[in-house]
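What follows is a single structure, written as structure tokens, with notes after it.
Residue numbers (the working numbering): -5 to 195.
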């Protein structure tokens, strides 16, 4: 997703009345949300909320007109076009079959929801990317991937047909270590397919 300002506001931010999460613009008669201290994931989370419509925002120039960097979890779920909510709990699960009617991910659903901002075309929104992956799980420290009970590498998961995915489950923290031992230190992503997975030799 890109943040694009087709018609930037001409009002002075410094002259607006400070509020808890931004400033009130007397000319527009609405609150301008301050995003300058937010990470890409925080901005994504904000606009994923269906109630976040008709929003005016204050951004740094460096936050605009570039591909936003999603976390590895967002990238994964975007690949399979499944809407999800990541919580602070140990296990997060989503059922692909129950979400067959959700043909657009949370990211693409942002399209057209924002008046003062606009999202880039869908093909740029859904491009899988690991550039935003936390340093602790990059390279050889990536999460453990398990497909139908078989430990596989990330490339194998990438090559899976999304239509054959039945369920995705993320196991984090102590829960992951308790089940998978030291291999689960960086979290475990458990994929269940609809017909069963056979590892190629």
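We put the beta carbon where it would ideally sit given N, CA and C, even for glycine.
For clarity, every value in this text was computed on a predicted model and none was experimentally measured.
For residue i, which of the options has the nearest alpha-carbon?
i           : options             : result
residue 170 : 149, 186 and 138    : 138
residue 37  : 178, 156, -3 and 20 : -3
residue 145 : 153, 177, 50 and 7  : 177
residue 183 : 172, 174 and 163    : 163
residue 168 : 10, 161 and 181     : 181
residue 2   : 53, 8 and 172       : 53
residue 179 : 40, 8 and 136       : 136
Starting from residue i and walking both ways along the beta strand (DSSP E), at which residues does that stretch end?
i           : result
residue 171 : That residue, residue 171, is in no beta strand (DSSP E); its alpha helix (DSSP H) goes 167 to 174.
residue 141 : 138 to 141
residue 52  : 50 to 52
Let me check one thing: in DSSP terms, what residues is residue i bridge-paired to?
i           : result
residue 201 : In the structure as shown, the chain begins at -5 and stops at 195. Residue 201 is therefore absent and cannot be evaluated.
residue 145 : 140
Taking its Cβ as the centre, do 16 or more other Cβ atoms sit within 10 Å of residue i, making it buried, or is it exposed?
i           : result
residue 165 : buried
residue 60  : exposed
residue 27  : buried
residue 44  : Residue placement at residue 44 is poorly supported in this model, since its pLDDT is 46, which falls under 50; the coordinates still yield a value, given next. When all chains shown are included, residue 44 counts as exposed.
residue 209 : What is shown of the chain runs -5 to 195, which leaves residue 209 out entirely.
residue 140 : buried
residue 185 : buried
residue 34  : buried
residue 19  : buried
residue 6   : exposed
residue 156 : exposed
residue 10  : buried
Less than 8 angstroms between the C-beta atoms of residue i and residue j, yes or no?
i           : j           : result
residue 142 : residue 187 : yes
residue 29  : residue 57  : yes
residue 50  : residue 24  : yes
residue 189 : residue 149 : no
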